[in-house]
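Okay, so here's the structure we're looking at.
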Amino acid sequence: MVIVSDFNRGTKLSIRGVNVINRQWSEETELTDLNSFDVGLMPLLKNDYISKGKCSYKALQYMAVGIPALIYAEGNNLEIVKDGIDGFLYETEDEFITKVLSLYNNGIFSQEMGRQAKDKIEKEYATSTVFRDLFKVVSQ
Numbered sequence: 352m353v354i355v356s357d358f359n360r361g362t363k364l365s366i367r368g369v370n371v372i373n374r375q376w377s378e379e380t381e382l383t384d385l386n387s388f389d390v391g392l393m394p395l396l397k398n399d400y401i402s403k404g405k406c407s408y409k410a411l412q413y414m415a416v417g418i419p420a421l422i423y424a425e426g427n428n429l430e431i432v433k434d435g436i437d438g439f440l441y442e443t444e445d446e447f448i449t450k451v452l453s454l455y456n457n458g459i460f461s462q463e464m465g466r467q468a469k470d471k472i473e474k475e476y477a478t479s480t481v482f483r484d485l486f487k488v489v490s491q
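Take the sequence shown: its position 102, counting from 1, is numbered 453 in our numbering, and each next residue is one higher.
See the structure below:
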């Protein structure tokens, strides 16, 4: 398991029985790090005011490079990910475990989910799409 984080803010994660690689986040290595992932995780705190206000930037990054995102079902995440199609949403620990195992045990499904995610980003969030939509609004 590779964890990329700003470890200056917290402690490095270790999980008994799991080979955990903690990498310091940096802008220079961000794309390389993202492309090394099989699944992108975006955990948030349940019923947390700050979590509810967070944007889905991590999910969008994961989806843009074609990896399935497993993200907490809160706030803007509900608008970004279509559960089971281009990513997974979860609310409980049991759901999280079930969905991680689903991706782990079915590589073809995981790859297809990543492809769907990348297609969605290219269609809905591409610069040309955003400018077209902005032009429509401004032209009215």
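Heads up, the beta-carbon is just placed ideally off N, CA and C, and yes, glycines get one too. Note that the structure is predicted; figures quoted are calculated from it, not measured.
{"Query": "Are Cys-406 and Asn-427 touching if we call contact CB-CB under 7 Å?", "Result": "yes"}
{"Query": "Looking at Ile-372: is its Cβ nearer than 7 Å to the Cβ of Met-393?", "Result": "no"}
{"Query": "Would you please state the rounded distance, in angstroms, between the beta carbons of Gly-391 and Ile-418? I believe it to be under 8 Å.", "Result": "5 Å"}
{"Query": "By the 10 Å Cβ neighbour count, where 16 or more other Cβ atoms means buried, how is Lys-471 classified, buried or exposed?", "Result": "buried"}
{"Query": "Give a yes or no on whether the minimum CB-CB distance between Lys-450 and chain B is below 7 Å.", "Result": "Protein chain content of the structure displayed is limited to a single chain, and chain B is not contained in it."}
{"Query": "Taking Cβ to Cβ, would you say Tyr-413 is nearer than 7 Å to Ala-420?", "Result": "yes"}
{"Query": "Check whether the Cβ atoms of Gln-467 and Asp-437 lie closer than 7 Å to each other.", "Result": "yes"}
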